[in-house]
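**Q**
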Amino acid sequence: MSTLNPPDPLLKIYSDTESVRSSSGIPIADRVVTDIFAYTEKLTQRVVIREEGLQSSWKDNIDKFVISRVFGYPLMLLLLGAVFWLTIAGANVPSAMIASVLFAFQDVLTHWFQLVQAPAWLHGVLVLGMYRTLAWVTAVMLPPMAIFFPLFTLLEDLGYLPRVVFNLDNMFKKANACGKQCLTMCMGFGCNAAGVVSARIIDSPRERLIAILTNNFVPCNGRFPTLIAIASIFMASTLFLSQSLLAAGMITLIVLLGIGFTFVVSWALSKTILKGEPSSVVLELPPYRLPKVGAVFYRSLIDRTIFVLRRALVVAAPAGALTWILANVYIGDVSVIASIAGVLDPIAKAIGLDGFILMAFILGLPANEIVVPVLLMSYLATGQLTEFDSLFELKKILLANGWTWLTAFNTMLFALLHWPCATTLLSMYKETGSKKWTFMGFMIPTVIAFSVCFIVAQVVYFLGLV
Amino acid sequence: MKLLSVPLSTLKPGEKSNVVHLDVLGLLRRRILDLGIVPGTVLTCIGKAPAGDPIAYLIRGTVIALRSEDACLIAVEQV
Amino acid sequence: MKLKLGDHSNALQYHSRVMREQFGIRTTGEQYVIALAGNPNVGKSTVFNALTGLHQHTGNWPGKTVDNAQGNYSYRNKSFLLVDLPGTYSLLAHSVEEEIARDFICFGQPDATIVVLDATSLERNLNLALQVMEISSKVIICVNLIDEARKKKLSINFDELEKELGVPIVPTAARNREGLADLQKAVYSMVVEKKKTWPKQIPYSEEVEQAISALLPKVEELSLARVVNPKWLALRLLDSDVSFIETISRYSAIQPLRTVASQRQGGEFTL
Ligand SMILES: Nc1nc2c(ncn2[C@@H]2O[C@H](COP(=O)(O)OP(=O)(O)OP(=O)(O)O)[C@@H](O)[C@H]2O)c(=O)[nH]1
Ligand SMILES: [Mg+2]
Chain B
1 MSTLNPPDPL LKIYSDTESV RSSSGIPIAD RVVTDIFAYT EKLTQRVVIR
51 EEGLQSSWKD NIDKFVISRV FGYPLMLLLL GAVFWLTIAG ANVPSAMIAS
101 VLFAFQDVLT HWFQLVQAPA WLHGVLVLGM YRTLAWVTAV MLPPMAIFFP
151 LFTLLEDLGY LPRVVFNLDN MFKKANACGK QCLTMCMGFG CNAAGVVSAR
201 IIDSPRERLI AILTNNFVPC NGRFPTLIAI ASIFMASTLF LSQSLLAAGM
251 ITLIVLLGIG FTFVVSWALS KTILKGEPSS VVLELPPYRL PKVGAVFYRS
301 LIDRTIFVLR RALVVAAPAG ALTWILANVY IGDVSVIASI AGVLDPIAKA
351 IGLDGFILMA FILGLPANEI VVPVLLMSYL ATGQLTEFDS LFELKKILLA
401 NGWTWLTAFN TMLFALLHWP CATTLLSMYK ETGSKKWTFM GFMIPTVIAF
451 SVCFIVAQVV YFLGLV
Chain R
1 MKLLSVPLST LKPGEKSNVV HLDVLGLLRR RILDLGIVPG TVLTCIGKAP
51 AGDPIAYLIR GTVIALRSED ACLIAVEQV
Chain D
1 MKLKLGDHSN ALQYHSRVMR EQFGIRTTGE QYVIALAGNP NVGKSTVFNA
51 LTGLHQHTGN WPGKTVDNAQ GNYSYRNKSF LLVDLPGTYS LLAHSVEEEI
101 ARDFICFGQP DATIVVLDAT SLERNLNLAL QVMEISSKVI ICVNLIDEAR
151 KKKLSINFDE LEKELGVPIV PTAARNREGL ADLQKAVYSM VVEKKKTWPK
201 QIPYSEEVEQ AISALLPKVE ELSLARVVNP KWLALRLLDS DVSFIETISR
251 YSAIQPLRTV ASQRQGGEFT L
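Chains as they are written, first to last, in my numbering: chain B, 1 to 466; chain R, 1 to 79; chain D, 1 to 271.
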């Protein structure tokens, strides 16, 4: 008794009633809603009583600043910078602490392996490959993310995000996109795959697709700490500004650059393959609510820790093992990893990187978290990275491998702009149901990352700045 | 009696008005109706974004922002 | 005495299961499925977390939840499967995440639907509640955020509201775990003890009623009208766009025996 037997009787009645729906005068849909609201209005008047003595609260006045002409944009920028600064300044000490504990334990592990006279390759794969990558990811990724996300969640619970949408919507309109794309970008900070899924809140399929294709320009949990680490080690403190302040400035710039690319690409898409006019935006601005600070911090901290550790276990550890093997299996007298890097080197050099960096990004396709550990391991193929207890160590290694400020800058650019990780691509495929758009989601950032880094590198080379 | 109506987008912050007529079509019309914007509803303009657009309105106790192009399509009379 | 939905007919139970599996809902043994519906940002996920002990993401902006989530809780030795839905302003809305919510409310065959309302804007929130009450009699209204309402010096006469709407009303402040025990009790009474409700039907104006009556004879001829409230069907034929009508067709083809709209007969419906 399927009702789908053609012609569907339901659809037939529907088309027969077309005349009623489109008859002149007030449409029936309007009448229905008007009736409902007439009823709820009366009912609410009866059951809700406004008591006397309502004092005005901070909530009534805060929007005067948050969405004001004068303070709106500066406040956003200030908050962004402040959150980054707190993240960077706060992460240093716990990072070093976690590193020293985890790397001390590595020595213990090594000792145990020696005790049972385990073969060197087993120690290599498990300890130097797996454990060390795990330790590195935890030490470098966890502290900044465990500071950034609680702060972010606090703003989110307060009700700040819809105000950001409100302030920025006009720019998105100029790019023929939807202001709610902002919210998907905010989710992208946590994870681009989540950002892609959150694009469901955008009504227009065209604008939703734009949001999906550009989400990658927001640095996610896996890339953000990499950016922070590089920014931190290559920004020396000056007389007036502390190193963390400078690094925060650098990160803010990088993030703003990502946002800039989001606008430009959204605009370009609307002018080419996703042609269309901006559609409507209906945005609710909920009242500010005072977050339960303790609970929010606690929850968010736990959530992030679990997230980072899970990613480290699931992706980083196996990748570490694999990289160690690649770095220690020799063909002739070059390791596999070095020969791959050798092949990539010419292209990489042209865009201001080196073969190892590009290879690390390629191996990082499953998860961006592993880019730096893989890179370090391939630089130190034989495994002297036992003494890692500060970012200075990292700087020494990078400098020893020929890094200049251009390498650092372009690595950050490439990390910001390059292809999305495999999970994000999978989400893109699920959300769009289209191989073509998933492919575009891969190609657009890739082409942009290569072009931008190429231009920067060539200009710098040409001007003889490095 | 014919009412003298203006587009909602011309309201200045603080001004109150009554919805007279909706010119909106399609999906947006549905949304606007579902939020309780029907003829007779009282809307108060709360403020504009720094760039002048979108504009926030108080509607049945909640704040809803609309782009000015869309607000243009809602005819209101001032109260 | 066991009073489980579908006891009176194995076929019904089978079909409910098929239906729920459409939505990725898998119940284990004797479990009651409870949907959490409501406008965006009213605290559905907070209620969900408080009852299930899970940690769905919450945030003070509309649209935080964009997919169904499920979790269990037990109350008086009965097991309940709670389904957190994305927020939606109405059952006729059209973004992807709202369709997910709408489809589950209309076709997911929950044993009961909790409609969460924002105590500080009942006027708008009641719209969705009334729409849900039009298709199902198994509705519990949870008026959340009463702490915010108190701060705004709003006092709500819940008894009066309950009398008017004819379904259980439970005031809560989910973030402070206030009123949750009452909510669990209300759910229990409804699905286990089969407490009756008399959901208020929207008083439509003359014109709308006339249009419905004009269409009703034709609608009642449909086989679908034996399982869906014909009046509701007639209304949707009059005010929805074609995609929703197609969705109704599609779901009724998968599950011709009993859609949620028939729950107004209190689950005693037999074909
Ligand atoms: N003061 C107060 N805040 C609450 C209460 N319940 C929820 N909140 C807050 O309200 C906000 C929205 O809560 P959510 O649970 O995410 O709302 P939701 O209905 O799931 O929202 P969507 O998924 O977007 O539809 C969060 O910031 C919660 O912390 C409450 O009882 N009192
Ligand atoms: Mg939610």
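Virtual Cβ for every residue (Gly too), placed ideally from N, Cα, C.
Start and end of the beta strand (DSSP E) containing Lys-48 (chain R)?
**A** Element bounds for Lys-48 (chain R): 42-48.
**Q** Roughly how far, in whole angstroms, is the beta-carbon of Asp-61 (chain R) from the beta-carbon of Ser-121 (chain D), given that I think they are within contact range, below 8 Å?
**A** A small correction: the amino acid at residue 61 (chain R) is Gly; Asp does not occupy that position in the sequence shown. Yes, Gly-61 (chain R) and Ser-121 (chain D) are in contact; Cβ-Cβ is about 4 Å, under 8 Å.
**Q** Restricting to Cα atoms, I'd like to know which of D:Asn-127, D:Leu-51, D:Leu-233, D:Phe-107 is closest to Arg-31 (chain R).
**A** Of the candidates D:Asn-127, D:Leu-51, D:Leu-233, D:Phe-107, the one whose C-alpha sits nearest the C-alpha of Arg-31 (chain R) is D:Asn-127.
**Q** In three-state DSSP terms, what is Pro-171 (chain D)?
**A** Pro-171 (chain D) falls in the strand class under three-state DSSP.
**Q** Between which residues of its own chain and Phe-454 (chain B) is the CB-CB distance below 7 Å, once the five residues before and five after are set aside?
**A** Around Phe-454 (chain B): Ala-350, Ile-351.
**Q** Secondary structure at Gln-210 (chain D), three-state DSSP: helix, strand or coil?
**A** Note: Gln-210 (chain D) maps to helix in three-state DSSP.
**Q** Under 8 Å, do Glu-369 (chain B) and Val-125 (chain B) count as touching if we go by C-beta distance?
**A** No.
**Q** Within 10 Å of its beta-carbon, does Met-359 (chain B) have 16 or more other beta-carbons around it, so buried, or fewer, so exposed?
**A** The residue is buried, with at least 16 neighbouring Cβ atoms inside 10 Å.
**Q** Distance cutoff 8 Å, beta carbons only. Does Ser-205 (chain D) sit that close to anything in chain E?
**A** Considering every chain present, this structure includes no chain E. Its protein chains are B, R and D.
**Q** Since I believe Leu-238 (chain D) is in contact with Ala-211 (chain D) (beta carbons under 8 Å), could you give me their beta-carbon distance rounded to a whole number of angstroms?
**A** Right, the Cβ-Cβ distance comes to about 6 Å (below 8 Å), so this counts as a contact.
**Q** Would you check whether ligand 2 has a heavy atom nearer than 7 Å to the C-beta of Lys-64 (chain D)?
**A** Yes, Cβ of Lys-64 (chain D) sits closer than 7 Å to a heavy atom of ligand 2.
**Q** Does the beta carbon of Ala-186 (chain D) fall short of 7 Å from some heavy atom of ligand 1?
**A** It does not: the Cβ of Ala-186 (chain D) is nowhere closer than 7 Å to a heavy atom of ligand 1.
**Q** Would you say Asn-144 (chain D) touches ligand 1, meaning its beta carbon is less than 7 Å from a heavy atom?
**A** Under cutoff, so the answer is yes.
**Q** Within 8 Å, do at least three Cβ pairs link the segment 242-252 of chain D to the segment 69-81 of chain B?
**A** The answer is no - the segment 242-252 of chain D does not touch the segment 69-81 of chain B, with fewer than three Cβ pairs under 8 Å.
**Q** Whose Cβ in chain R lies nearer than 7 Å to the Cβ of Leu-54 (chain B)?
**A** Residues of chain R passing the Cβ test: none, with the nearest at roughly 14 Å.
**Q** Which residues in the same chain have their Cβ closer than 7 Å to the Cβ of Arg-287 (chain B), if we skip the five residues on either side of it in sequence?
**A** The question names Arg, yet the displayed sequence has Pro at residue 287 (chain B). Counting only Cβ-Cβ distances below 7 Å, and skipping sequence neighbours, we find Lys-59, Gly-159.
**Q** Got a sec? Which residues, its chain only, sit under 6 Å from Leu-58 (chain R) by beta carbon, not counting five neighbours each side?
**A** The answer, listed in chain order, is Thr-44, Ile-46.
**Q** Can you check whether the CB of Tyr-32 (chain D) is closer than 8 Å to the CB of Val-191 (chain D)?
**A** Yes, the pair counts as a contact, with Cβ atoms nearer than the cut-off.
**Q** How long is the line joining the alpha carbons of Leu-142 (chain B) and Gly-52 (chain R), rounded to whole angstroms?
**A** Distance between the alpha carbons of Leu-142 (chain B) and Gly-52 (chain R): 41 Å.
**Q** Under three-state DSSP, which class holds Glu-369 (chain B)?
**A** Here Glu-369 (chain B) sits in helix by DSSP.
**Q** Less than 7 Å between C-beta atoms, sequence neighbours within five positions excluded: which residues of the same chain meet that for Glu-98 (chain D)?
**A** Correct list, in chain order: Pro-86, Thr-88.
**Q** Using DSSP with H/G/I as helix, E/B as strand and the rest coil, what is Ser-95 (chain B)?
**A** Reduced to three states, the DSSP call for Ser-95 (chain B) is helix.
**Q** Answer with yes or no whether the minimum CB distance from Gly-36 (chain R) to chain D is below 8 Å.
**A** By this cut-off, Gly-36 (chain R) is an interface position.
**Q** Would you tell me roughly how many angstroms separate the C-alpha atoms of Ile-114 (chain D) and Val-70 (chain B), rounded to the nearest one?
**A** Whole-angstrom Cα-Cα distance: 44 Å.
**Q** For the candidate residues B:Ile-357, B:Leu-425, B:Gln-55, whose alpha-carbon lies nearest to that of Ile-490 (chain B)?
**A** Because chain B spans 1 through 466 in this model, residue 490 (chain B) falls outside it and cannot be assessed.
**Q** Exposed or buried, Leu-233 (chain B), counting other C-beta atoms within 10 Å across all chains shown (16 or more means buried)?
**A** One point to set straight first is that residue 233 (chain B) is Ile, not Leu, in the sequence displayed. Under this definition Ile-233 (chain B) is a buried residue.
**Q** Within 8 Å of any Cβ in chain D, is that where the Cβ of Gly-40 (chain R) sits?
**A** No, Gly-40 (chain R) lies away from the interface with chain D (no Cβ there is under 8 Å from its Cβ).
**Q** What does Tyr-330 (chain B) pair with, by DSSP beta-bridge criteria?
**A** DSSP output for Tyr-330 (chain B) lists B:Ser-335 as bridge partner(s).
**Q** Could you work out which residue in D:Ala-37, D:Val-42, D:Ala-50, D:Asp-67 is closest to Val-197 (chain B) when comparing CA atoms only?
**A** Nearest option by C-alpha distance: D:Asp-67.
**Q** Taking the continuous beta strand (DSSP E) assigned at Ala-37 (chain D), which residues delimit it?
**A** Per DSSP, Ala-37 (chain D) belongs to the beta strand (DSSP E) from 31-38.
**Q** Is the number of C-beta pairs between the segment 202-222 of chain B and the segment 254-262 of chain B that are closer than 8 Å three or more?
**A** Yes: the two stretches touch, three or more of their Cβ pairs being nearer than 8 Å.
**Q** Scan the segment 54-72 of chain D for residues whose Cβ lies nearer than 9 Å to a Cβ of chain B and list them as they occur along the chain.
**A** If the cut-off is 9 Å between Cβ atoms, the segment 54-72 of chain D has His-55, His-57, Thr-58, Gly-59, Asn-60, Trp-61, Pro-62, Gly-63, Lys-64, Val-66, Asp-67 near chain B.
**Q** Closer than 8 Å, CB to CB, is Tyr-251 (chain D) near chain R or not?
**A** No, no contact with chain R.
**Q** Per DSSP, Pro-7 (chain R) is paired with what?
**A** Answer by DSSP bridge pairing, in chain order: R:Ala-75.
**Q** On the three-state DSSP scale, how would you describe Lys-292 (chain B)?
**A** Reduced to three states, the DSSP call for Lys-292 (chain B) is coil.
**Q** Got a sec: is the Cβ-Cβ distance from Gly-72 (chain B) to anything in chain R below 8 Å?
**A** At least one chain R Cβ lies under 8 Å of Gly-72 (chain B).
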